[in-house]
Each structure stands twice: as structure tokens, then as C-alpha cells.
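In the working numbering, the protein residues as written are 112 to 628. Idealized CB from N, CA, C, for every residue including glycine.
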Amino acid sequence: MSEEKHVVEHEQQKKEKTKKQYKPFWIVMSFIILIVVLLLPAPSSLPIMAKAVLAILAFAVIMWVTEAVSYPVSATLIIGLMILLLGFSPVQNLGEKLGNPKSGSAILAGSDLLGTNHALSLAFSGFATSAVALVAAALFLAAAMQETNLHKRLALLVLSIVGNKTRNIVIGAIIVSIVLAFFVPSATARAGAVVPILLGMIAAFKVSKDSKLASLLIITSVQAVSIWNIGIKTAAAQNIVAINFINHQLGFDVSWGEWFLYAAPWSIVMSVALYFIMIKVMPPEINTIEGGKDLIKEELHKLGPVSPREWRLIVISMLLLLFWSTEKVLHPIDSASITIIALGVMLMPKIGVMTWKHVENKIPWGTIIVFGVGISLGNVLLKTGAAQWLSDQTFGVLGLKHLPIIATIALITLFNILIHLGFASATSLSSALIPVFISLTSTLHLGDQSIGFVLIQQFVISFGFLLPVSAPQNMLAYGTGTFTVKDFLKAGIPLTIVGYILVIVFSMTYWKWLGLL
């Protein structure tokens, strides 16, 4: 296992070295594009401040797509640009939308500039939302799972039930992803729980890492993670981004149970499709892994009996799931508040499962910064009218006003899937696209269908099926060396096509019956 790990690390180092060679170029290019957009003459329909926001968006997209710098670093740069460029922009007729900045906040006395003080408030507006609180609390919950190894125990227990047959193990990998999606609000953490177990099975039975069986098991596990990012509201951060915009711009808060009602049936059908697609495109060389069950039992034995901390985390997680699923039905407490209360209990002495000192090094604090900045950028896109202008320019030529809602969904979903090819972060993609889609609903006068339209596009934003770079969990799996990009595409293309067709079918039937459309 150590030799395999060395090979994987060597391959990852080579890839990182290649990426680093291009980083200075993309950093320079990001600033050049920013300056070019700023210097372009603004159309009469586009306020100067909105043009500045579009320049920042162009800068952000290049940074996000190329990963020229880490996401937290790019987020910090975006904050700085928002403060400077918005602060030195004239308010014009945007005063009411921007919160009626007082003249005293302007940079120059008597000027109509927004001022850096008010621009600073806009740049940090995303951090003052319940969405950021929910993501932060969810990261603590994921850290608690990793601290206690409960997520690994859950994965092993599921795999211990499915038996030695290869096809059953494939089903087990899918079921593990489904079960963990309810309790582990991090796609990378879920993949990090199941992939090492599957790798251990592959290595223990001397199956080659470049075999179809290895590719089948690892790709299936991470594709299932992506599918259930859609099915469960709290399974992925990008869902919380969308919910925040829907809540503040469309005035509707989607509860955990409502999201599950809308999205879980789609994910269930996709999980079934995933099984048949994977077995078809990557038929395993062997039908049975002899001793597979014994290996799982051995791994469970290494974990030892369930510890008191794990029992406490199980109780807290089950209560959390109960309160999430009954939001708006049995009680009025929102998901963010429930999760923060659970976090407080987890940190309590005696009855909790961890201390702050233990957990602070396990939290990816940069994720919270990226998340907050993404919401801030989306807010500013909407408030300045930049999102509306971008929506009109991008989709106006398609004549969507004259098309039925299903045809519009079909076209925009295709656009959404293609755009995702350039993004490694669905959270960043959601921050950039959801404000544009919300503005599009206004242009198309969708009315009550607006919420359903935006929600469906958020589901599609989680389509990370095509390339290893389409999602962090894919890259984690790709680092194992068990498959090539071509292998991933063999599974990803039919899975994306089926997902696209199911979005249209569900839009015509199930989601329409529920009143989403």
C-alpha cells in the first residue's frame, strides 16, 4: 500500500508542477481582462458600477477556472477589487438598491461616488447570511465525523452487508454514498471515506490498479457522491449558495424536507441509471472478490467497538436529521439554526464529541471565505443590475420569451452543463450563475415558475459527471491512479446524457405535479 501511495503522490506532484508553470500567465491574464473590461465603453443600459462588477466577475471566473491561485487567495483578491472598484464608482440611480448610501460615505465631499466604506459593506455582505453560518456549522459536523471515524464505520457497515459479488459491491458503493449524504455535509469527506476502503479491497486481492474492476469501483463511488449532492440539501455547499439567493431575491425559503421531496426522486433514478451504465461501460474482469467480506470485517475490527464519542455523535446526527426533515412541518426552526445548535452541543464538555482545540485544525477555513465572497459577488451582481444585463445579453438572442418553459429549461440546462466544463468548483459556479438565472426569470416573466426554474438549474450545477476536474471528489479519486480521463468520460458522457434527459422528463411530469413549474 505504501508503494502505491508513493506512485500516486509522484503522479500528483508531476501534475502540480505542470499547473504551476502556467499560473503566472493566468494571473497576469486575469488582471489584463479586468482592465480591458473596465476600459471598454459602457452601453447606456449598463451603469458604470455594474460594468465594474462584470470586470470583477471576469477576473473571478478566470481565477476560478484556471486555479491560478488557491480559492481563498482569489476570494481575498475579489474582496479587494470590490472595495476599490465599487468604492470609486458613481452611485447613479442605484442608491435605493445599494441601501441608500449616505453622501458622507463618498470618497470626495459632494461627489456621487459610492465610497470605500459602503463598498466594504457590500464586499462582506455575503458573510452576514444564514447560509454562511450553515456551511460553517456543516464543516464542523464533517470534521466531527472524521475525528471519530464514524463516517468510515458507516461505510464499512454498508459494504459488509452486500457480500463478495462484484456487482453487489458496486451497489454497496452507491448505497454508501447515499447514506453518508444524509450525515456528512461534505462531498470530499464522503469520497474520502469510501475511496480508501475500495482501494484496500483492490490491493488486498492483488487486483491491478489499472483494471476495469478498479476503475468501476472508484468511478462509481464518486459519481454517486455527485448525484447525491443534488438529492440532499445539506450534502453540498453549492446548494446553500442557491438557497440563499432564492430566499433573498425570490422570497422563498426551501426547507430541507422540501428540497428532499423535489430532488431525491431524481437522485434515486440517477443512482439506478449509474449502476447499469457503469456495469455496461466497465464490465469487471471477475464476478466475485473472494474474501471481500473478511477484509471488511477486519477493517471494522481495527476500528474497535463503537466508542462513547461515536454514540454521542450518532444521537446528535440522528436528532439533527430529524429536525432538518421536519422543518416547517413540526417546527419553524430553519436548517442553519438547527445545525448551529447541534454544533454547540458537539463542543460541550462531557456530552459533546470534540473540543475546539481538536477541531480547529480540521476545518478548511478557506472554504468559508470563498463561500462568503461568492455570495457577496452574487449580491452585487444582482443589486447593480449587472446580472440582469448579462442575462439579457447572453440569452436574449435565443428568443426564450417565445418558448414554452420546458424548451427554455432544455436550452439553459445544456448551457449550464457546458459552462461547468470550465469550473472545478460548483460553489463558484453557483455564485456566478444563480444570480444570472434569477435575473433571467424576471426577463421571461416566469412568475410562480421562477423558483422551480432556478432550483432545477442549481441541480444541474452539481452535474460533475464529465471530467475529473469537474468536482473536488473526482480529483481525489483521480489521484488514486485507478482510471484515466478517457475512462471517466466513458462513464461521464452517458451519465450526463441520462441526467439531462431526466431533468427534462421530471420538468414535464414530477416537478410540474408538485407545482414547481
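query: If you drop the 5 nearest sequence neighbours on each side, which residues of the same chain put their C-beta closer than 8 Å to that of R264?; result: L411, L414, V417, E421
query: Please name the residue, chosen from M465, A239, I341, I159, that lies closest to V484 on a Cα-to-Cα basis.; result: A239
query: Assuming Q560 and I516 make a contact with CB atoms under 8 Å, what is their CB distance in whole Å?; result: 6 Å
query: Taking the C-alpha atoms as reference points, what is the distance between T277 and K404?; result: 12 Å
query: What are the start and end residues of each continuous alpha helix (DSSP H) run of 4 or more residues lying completely inside the region 459-488, in chain order?; result: 467-470
query: Which value, in whole angstroms, describes the spacing of the CA atoms of T331 and W175?; result: 26 Å
query: Excluding the five sequence neighbours on either side, which residues of its own chain have a C-beta within less than 6 Å of the C-beta of S141, listed in chain order?; result: F170, I173, M174
query: DSSP beta-bridge partners for K276?; result: T399
query: Assuming Q499 is part of the alpha helix (DSSP H), what are its boundary residues?; result: 497-506
query: Starting from the Cα of F570, find the closest Cα among Y373, K494, H556, T466 and give me that residue.; result: Y373
query: Given a cut-off of 8 Å on the beta-carbon distance, is the pair I285 and S382 in contact?; result: yes
query: On the DSSP bridge assignment, give the partners of H442 in chain order.; result: E438
query: Where does the unbroken alpha helix (DSSP H) through V547 begin, and where does it stop?; result: 537-554
query: Going along the chain, which residues of its own chain have a beta-carbon closer than 6 Å to the beta-carbon of A537, five neighbours each way excluded?; result: Q349, I572, S573
query: Within 10 angstroms of the Cβ of D321, are there 16 or more other Cβ atoms? Answer buried if so, exposed if not.; result: exposed
query: Taking T227 as part of the alpha helix (DSSP H), name the residues at either end of that continuous run.; result: 227-234
query: List the endpoints of the continuous alpha helix (DSSP H) containing F526.; result: 516-531
query: Thinking F294 and S428 are a contact (beta carbons under 8 Å), I'd like their distance in whole angstroms, please.; result: 5 Å
query: Using DSSP's beta-bridge definition, name the partner residues of P201.; result: L224
query: Given this structure, state the Cα-to-Cα distance separating F235 from G489, to the nearest angstrom.; result: 12 Å
query: Using only the alpha-carbon positions, how far apart do S550 and L529 sit?; result: 20 Å
query: Helix, strand or coil: how does DSSP classify E178 here?; result: coil
query: To the nearest angstrom, how far is it from the Cα of N260 to the Cα of A253?; result: 10 Å
query: Around the Cβ of V139, are there at least 16 other Cβ atoms within 10 angstroms (buried) or fewer (exposed)?; result: exposed
query: Can you check whether the CB of F363 is closer than 8 Å to the CB of I545?; result: no
query: Where does V333 sit, in a helix, a strand or coil, going by DSSP?; result: helix
query: Quick one: grab the DSSP three-state call for K116.; result: For K116, the predicted structure reports a pLDDT of 41, less than 50, and the residue's modelled location is therefore unreliable. The matter cannot be settled from this model.
query: In chain order, what residues of the same chain lie with their CB nearer than 6 Å to the CB of M256, ignoring the 5 residues before and after it?; result: H262, V295
query: Considering only C-alpha positions, which residue in the set Y386, T466, F387, I343 is nearest to S366?; result: I343
query: Give me the residue from N527, V306, I400 with the minimum Cα distance to N279.; result: I400
query: If you follow the alpha helix (DSSP H) that A239 is part of, which residue opens it and which one closes it?; result: It is not in any alpha helix (DSSP H) - A239 carries neither H nor E in the DSSP assignment.
query: Verify whether the separation of the beta carbon atoms of K601 and V392 is less than 8 Å.; result: yes
query: If you run the structure through DSSP and keep just helix, strand and coil, what is K213?; result: Unreliable positioning characterises K213 in this predicted model, as indicated by a pLDDT of 49, which lies under 50. The coordinate reading is nonetheless provided below. Reduced to three states, the DSSP call for K213 is coil.
query: Would you say the region 470-487 touches the region 184-193, given that touching needs at least three Cβ pairs under 8 Å?; result: yes
query: Taking G533 as the reference, give the member of I167, I146, E178 with the closest Cα.; result: E178
query: Over what stretch of residues does the alpha helix (DSSP H) that includes Q560 continue unbroken?; result: Per DSSP, Q560 belongs to no alpha helix (DSSP H) and is neither H nor E.
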